[in-house]
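4 protein chains.
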Amino acid sequence: MNNYASARIGILGAGGYAGRELARLVARHPRARIAWATSESDAGRALGDVVSGVDGPALVRAEDAALGAADCVVSCLPHGESAKWMERARGADVRAIDLSADLRVPGEVTPGWAREAVYGLPELHRARIADSRLVANPGCYPTAALLALAPLLRRGLISGPVIVNAASGVTGAGRNAKRELMFAEIAEGFSAYAVGNVHRHLAEMRAQAAGIAGGAAPELVFTPHLLPVKRGILETIYVPLAEPIRDLLQMWMDDYSSEPFVRVMRDRMPALADVVGSNRVAIGVAAVQNVSAPMLTIVATIDNLLKGAAGQAVQNLNLMFGWGETEGLA
Amino acid sequence: MNNYASARIGILGAGGYAGRELARLVARHPRARIAWATSESDAGRALGDVVSGVDGPALVRAEDAALGAADCVVSCLPHGESAKWMERARGADVRAIDLSADLRVPGEVTPGWAREAVYGLPELHRARIADSRLVANPGCYPTAALLALAPLLRRGLISGPVIVNAASGVTGAGRNAKRELMFAEIAEGFSAYAVGNVHRHLAEMRAQAAGIAGGAAPELVFTPHLLPVKRGILETIYVPLAEPIRDLLQMWMDDYSSEPFVRVMRDRMPALADVVGSNRVAIGVAAVQNVSAPMLTIVATIDNLLKGAAGQAVQNLNLMFGWGETEGLA
Amino acid sequence: MNNYASARIGILGAGGYAGRELARLVARHPRARIAWATSESDAGRALGDVVSGVDGPALVRAEDAALGAADCVVSCLPHGESAKWMERARGADVRAIDLSADLRVPGEVTPGWAREAVYGLPELHRARIADSRLVANPGCYPTAALLALAPLLRRGLISGPVIVNAASGVTGAGRNAKRELMFAEIAEGFSAYAVGNVHRHLAEMRAQAAGIAGGAAPELVFTPHLLPVKRGILETIYVPLAEPIRDLLQMWMDDYSSEPFVRVMRDRMPALADVVGSNRVAIGVAAVQNVSAPMLTIVATIDNLLKGAAGQAVQNLNLMFGWGETEGLA
Amino acid sequence: MNNYASARIGILGAGGYAGRELARLVARHPRARIAWATSESDAGRALGDVVSGVDGPALVRAEDAALGAADCVVSCLPHGESAKWMERARGADVRAIDLSADLRVPGEVTPGWAREAVYGLPELHRARIADSRLVANPGCYPTAALLALAPLLRRGLISGPVIVNAASGVTGAGRNAKRELMFAEIAEGFSAYAVGNVHRHLAEMRAQAAGIAGGAAPELVFTPHLLPVKRGILETIYVPLAEPIRDLLQMWMDDYSSEPFVRVMRDRMPALADVVGSNRVAIGVAAVQNVSAPMLTIVATIDNLLKGAAGQAVQNLNLMFGWGETEGLA
């Protein structure tokens, strides 16, 4: 861990939904400031024209960004485009946080150096993040699912396939113009996608769940849905248990008692309104009645642009620079 | 079955969302007409003031309705208030359709005569509905779930608890003023309710599923959610199978090939936009990849006010009076 | 006027919002049927894949459409692309209705033959439409404004510039993918556009208003706004009067007493919910209090895709073929 | 003006939309803290249960609030209920800010002491607010209209009735359950209300406009509309001018050059998205083309809960206590 009084942040891809949210957070952060920010389509425009209410330098193309003029580069570039910039940041000896999926799942397609990346879920890997120079910021869906399931995974209490039924607001699908994301197509609508357990986030969830479980993890079945809201993810998770659990909430309360961004709900289930605009995850748990084998339903919710993207990136930034974990996020 | 050239319909509770939809459908039906319509809060007002674009008699209080002046009474009254009117209709020797839950699940609290009620899901009980004088119109959530699962239930292919993860538009919660249903609370929101498998519709689903299965049915775990849309239900259903199924869609296509209101999707999953405004149920099926035991995901969607309420009531009406099943619903 | 038992309709541009609405209306019309329908991007696909719930021939490219196989060609093509097809229809001796702006305002840029086009606002030009072979279907904003103002224009009662403050749902902006029309940009938003009285519809409104007034018409100031709804237009119109008017509503009730698609509101102002899904215009009128010179506020509302586009086209079709004016529109 | 290092704030009516927003702002304010907060319906509950993410004392009934334990009482009570509490605060020698309309327009119904209240629009009355002990926080509609019109009013440039066509999100209508504010009634809707220039805010606008103009002010015609959004007001204002104005924006830029919460738009008109979530008013101006007499269109927009209510209250608080005007509002 390193203690810095302040740091200069370079933002790759500041024009998308996560990038704009990140620019807002950094601009208001007491210790960080925007060194430069990139946008291919808006290069040359003032940052404040693209990110309402934020002062900062004019946007530049990524190729024109002075990587070395930042203490940390945060990439909000699309999947597939981000890794090469992370490698350049590494070459420039600059810390980096990648919001894309490129470095999250070490595998055949990931370059060797990418194995240095720490999975940036602070509630699970706080110490390693603080010591790292390269962080793979988690996906939005995995963030909620892993924090919801970690207490059960750690204790080896899950006895069969876990169903993760998830719904996300449309900012999760990015800011490029697509007919299927137009208002007249989304309003008054609702749909499932990647049905059949084939979503890209599945591998990420499985790899991390196995890590938490200390080896073999339960199988996961994941179905995302598209909500007619701007932001927010809510996951309804069905967990078969080896045996019934008493004092249901106690495990979550024990595990998360000192976590500033985890709220375990005692009296009711969480809803989007409990988290949108904040970096929190909110979690509720209920035993399933009227079935013969023990089963839990967990409801977990986050703001996909904050705890699911830019907020979590700032939380990681705070850890990497030795700052208070909640600075700029309260 | 009886053949009538036309029929006079009495509507109990025409001021709620289902009641207004029913009034619209009956007003446009080629063979039915509104004999009278009731509303406790709007008695005395013209029907057209309450149901935009519909001509008809002034609204009356239920106590003032001439039951015998209708050939069929359709009740859109709330659960708990409807049964007594169904009994009066029976006493007046008038056919009746009940949209409330009062007569759907024969049980301790249901009066003896209510066992005469036929469960009004035409795709399952067409002949019995045509011969009946009293129909219990199905709940919105059970309609979608039962039509989605029937091909599997009939063939005994389900091997474990079925997860029914459902989401509904707000008209499903009724038209009485409640703070939690106000625009500023619902817009940009999403939430689960009755978490833990405790929703009233569960008993109805279980009873009907057992009937289709010819006895013991698989266990059901049902979680409803509240969507920020006016109308529409989408259910994502996870079904563990005894063994893998080839030609996945074939069973649904075989069972529903002649059904005018069932659409089996070949190329993609259905979404709300495929059904809102119509009396159709749309069903898609996918094998779950990346798990060891065979499992299906089914997505089923209906308009909660049409196939889930008033539209299905008209479909039942058509059967009860010997009319074409799609009359007034195309 | 000609009496046909039925007619074959060709639809140019059936994939946009107005085109799809038109396809739905024609498919359900008792006397019309779709001869062919075109879409450049979806040519080759079944019509029902693009227009949910509508059976019909596979979509073709406009160049491949057999103009002469239709009794009437209806164009839902964009402004600037439509006129040439109207000319071809004329060459093929086929009736035609143009939903674009191309033929609405005779002017320098309009070809000579286009002066044959009748402005298709039935409440103003019913007899001429019935006799015509070429109809320019009015713009959505002008339809509402002209029907609201006609009683005053006819009687010469307006004494100064009329302010037309209008708001439209997003389907008015078309179905091509644009970032500014994406859900995350529109939801929870509201904005004015073409501020400063520079919108294209102004010339159309002025020309028609002058026609109704029998010469010089009052000046118009028109500001459109973009609403976060799918469909519907509401205009709030401020009219300075030469002198106060008694029995305010009487003029509108007199002028529109036999109009099937005009609803003059007696007790309250109309809202989008009074017209969306119908071919009606709803109009309310109030004297402006608390000012020294006499002034009226008129509120007028239509469904931009029906009375503002496809519904009005069918109304014109009914007139052109001698059918009942409300056929297929009830 | 008094300089305090910090102050204790009492909030009357913390459960409504403005009250909750105020509680959030005060909780995060570097110099203010919540001394107590009242809610009749939620008394006894933790503040954080009612205002998500805010720590603070349990809610009490207004009768049980220790007025004297606050340095400033801020009332978010409804119109008609607030004045008596302002009088009690005055009796307890405590500063007070009233968000209701009760003290805004001195008149027959206002008690004599209420004339001491300063109209809390800082951009107009900064010095007087700083010296006052009782502030009448402006209405949301008047805030936007007055800031838009002040440069013209001051210079006496307006030559006739000004049309203020306004639209507001539903939080402006309060948090009490009403059928007409339910999601299913508001979504996909839009409507005008108080048509005919009869809204309560008119008197407030007229009185203040006259004050700015130094006597007689132009007549105002005001029509509010209800938008299907949670928050935000946008006003489109039509101003007849005595003569054309060159360098249109210059007056607004001159008058507001040092105002932290006024944004004059140079290149485009403002929209809700420019202000929602901030305490800013954004203003755009355009000359009206295609009319004979000179006229302007002004578009002004605010967040009705911030600059239109709680944010402006904090701005006033900052002035009253000698703090930086933007503290807690950045």
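Residue numbers (this note's numbering), protein chains in the order written: chain A, 1 to 330; chain B, 1 to 330; chain C, 1 to 330; chain D, 1 to 330.
All residues carry an ideal CB built from backbone N, CA and C; glycine is no exception.
For C/Ala136, write down the residues that DSSP places opposite it in a beta bridge. Residue pairing by DSSP places C/Ala136 opposite C/Asp98 and C/Tyr119 in a beta bridge.
List the residues that DSSP assigns as beta-bridge partners of C/Gly10. Per DSSP, C/Trp36 and C/Val73.
Taking only beta-carbon atoms, is C/Thr236 less than 8 Å away from chain A? False, the Cβ-Cβ gap to chain A never drops below 8 Å.
Would you verify that the beta carbon of C/Ala37 is, or is not, closer than 8 Å to some beta carbon of chain B? With 8 Å as the cut-off, C/Ala37 does not count as an interface residue toward chain B.
Option in D/Leu241, D/Ala130, D/Met253 and D/Phe183 with minimal Cα separation from D/Asn318: In this structure, D/Ala130 is the residue among D/Leu241, D/Ala130, D/Met253 and D/Phe183 with its C-alpha nearest to the C-alpha of D/Asn318.
Quick one: is B/Gly214 near chain C, going by C-beta distance under 8 Å? Answer no: the Cβ-Cβ gap between B/Gly214 and chain C never drops below 8 Å.
Could you tell me which chain C residues have their CB closer than 8 Å to the CB of B/Ala273, listed as they occur along the chain? Residues of chain C passing the Cβ test: Ser52.
Please list the residues of the stretch 12-34 of chain C that have a C-beta atom closer than 8 Å to any C-beta atom in chain A, keeping them in chain order. Flagged, chain order: Tyr17.
So A/Lys178 contacts chain C; which residues on that side make the cut at Cβ distance below 7 Å? What A/Lys178 touches in chain C: Ala177.
State yes or no: is the C-beta of B/Ala136 within less than 8 Å of the C-beta of B/Gly156? No, the pair does not count as a contact, with Cβ atoms beyond the cut-off.
Along the alpha helix (DSSP H) that carries D/Val50, what are the first and last residues, could you check? Where D/Val50 is concerned, the enclosing alpha helix (DSSP H) stretches over Leu47 to Val50.
If you count every other CB in all the chains shown that lies within 10 Å of the CB of D/Asp64, and 16 or more means buried, which is it? Residue environment: D/Asp64 is assigned as exposed (fewer than 16 neighbouring CB atoms within 10 Å of its CB, all protein chains considered).
Starting from D/Ile158, follow the beta strand (DSSP E) in both directions and report where the run begins and ends. First-last for D/Ile158: undefined, no H or E at that position.
B/Ala5: which of B/Val51, B/Val285, B/Ala150 and B/Pro30 sits nearest, CA to CA? Looking at the Cα atoms, B/Pro30 is the closest of the given residues.
What in chain A is Cβ-close to C/Gly78, meaning under 8 Å? The sequence as given places Pro at residue 78 of chain C; Gly does not occur at that position. Near C/Pro78 there are no residues of chain A at all, since even the closest Cβ is about 15 Å away, more than 8 Å.
Rounded to the nearest angstrom, what separates D/Ile245 and C/Lys84 at their Cα positions? Cα-Cα distance, rounded: 43 Å.
Check this for me: beta carbons of D/Lys307 and D/Thr143, under 8 Å apart or not? Cβ distance < 8 Å, so D/Lys307 and D/Thr143 count as in contact.
What residues from chain D crowd round C/Val198, counting only those whose CB sits closer than 8 Å? Result: Gln289 and Asn290.
To the nearest angstrom, report how far apart A/Tyr193 and A/Arg104 are at their CA atoms. Spanning the alpha carbons of A/Tyr193 and A/Arg104 requires a straight line of approximately 22 Å.
Since A/Ser278 meets chain D, which of its residues come closer than 9 Å, beta carbon to beta carbon? Residues of chain D whose Cβ lies closer than 9 Å to the Cβ of A/Ser278 are, in chain order, Ser52 and Gly53.
Which residues in chain D sit within 9 Å of A/Glu185, going by Cβ to Cβ distance? By Cβ distance, chain D contributes nothing, its closest Cβ being about 14 Å from A/Glu185, past 9 Å.
Please determine, among D/Gly112, D/Ala271 and D/Gly19, the residue with the shortest C-alpha to C-alpha distance to D/Glu40. Closest option to D/Glu40, Cα to Cα, is D/Gly19.
Contact set between the stretch 254-266 of chain A and chain D, restricted to residues whose Cβ is under 7 Å from the partner: Per Cβ criterion, the list is empty.
For the alpha helix (DSSP H) holding C/His201, just list the boundary residues, first then last. His201 to Ala213 is the extent of the alpha helix (DSSP H) around C/His201.
What's the gap between the Cα of B/Arg8 and the Cα of B/Asp93? B/Arg8 and B/Asp93: Cα-Cα distance of roughly 14 Å.
Minimum Cβ-Cβ distance from D/Glu188 to chain A less than 8 Å: It does; some Cβ of chain A falls within 8 Å.
Check each candidate in D/Glu81, D/Glu123 and D/Ser168 and name the one with the smallest Cα separation from D/Ala62. Relative to D/Ala62, the option among D/Glu81, D/Glu123 and D/Ser168 whose CA is nearest is D/Glu81.
I'd like to know whether the C-beta of B/Met182 is nearer than 8 Å to at least one C-beta of chain D. Taking a beta-carbon distance threshold of 8 Å, B/Met182 counts as an interface residue toward chain D.
If I measure Cβ to Cβ from B/Met1 and keep anything under 7 Å in the same chain, skipping five residues before and after, which residues do I get? Low per-residue confidence applies at B/Met1: pLDDT is 49, beneath 50, and the placement is therefore not dependable, though the value from the model is reported in the following sentence. Here B/Met1 has Ala130, Asp131 and Gly322 as same chain residues with Cβ atoms under 7 Å from its own Cβ, once five neighbours each way along the sequence are excluded.
Taking the alpha carbon of D/Leu226 as the reference point, which residue from D/Leu296, D/Ala293, D/Gly10 and D/Asn304 has its own alpha carbon closest? That would be D/Asn304, whose Cα lies nearest to the Cα of D/Leu226.
Meets three-Cβ-pair contact criterion under 8 Å: the stretch 181-192 of chain B and the stretch 236-256 of chain B: Flag = no, the stretch 181-192 of chain B and the stretch 236-256 of chain B do not touch.
By Cβ distance, which residues of its chain are closer than 7 Å to B/Leu77, with the 5 residues on each side in sequence left out? Within the same chain, B/Leu77 has close Cβ partners Leu12, Gly13, Trp85 and Ser100.
Can you tell me whether C/Ala43 is helix, strand or coil according to DSSP? DSSP places C/Ala43 in coil when its eight states are reduced to three.
Please say whether C/Leu59 and C/Arg45 have beta carbons closer to each other than 8 Å? Contact: yes.
Label C/Arg200 either buried or exposed according to how many other C-beta atoms from any shown protein chain fall within 10 Å of its C-beta, with 16 as the threshold for buried. With fewer than 16 other Cβ atoms within 10 Å, it is exposed.
C/Pro294 CB to nearest chain F CB: under 8 Å? No chain F appears in the structure shown, which is made up of the protein chains A, B, C and D.
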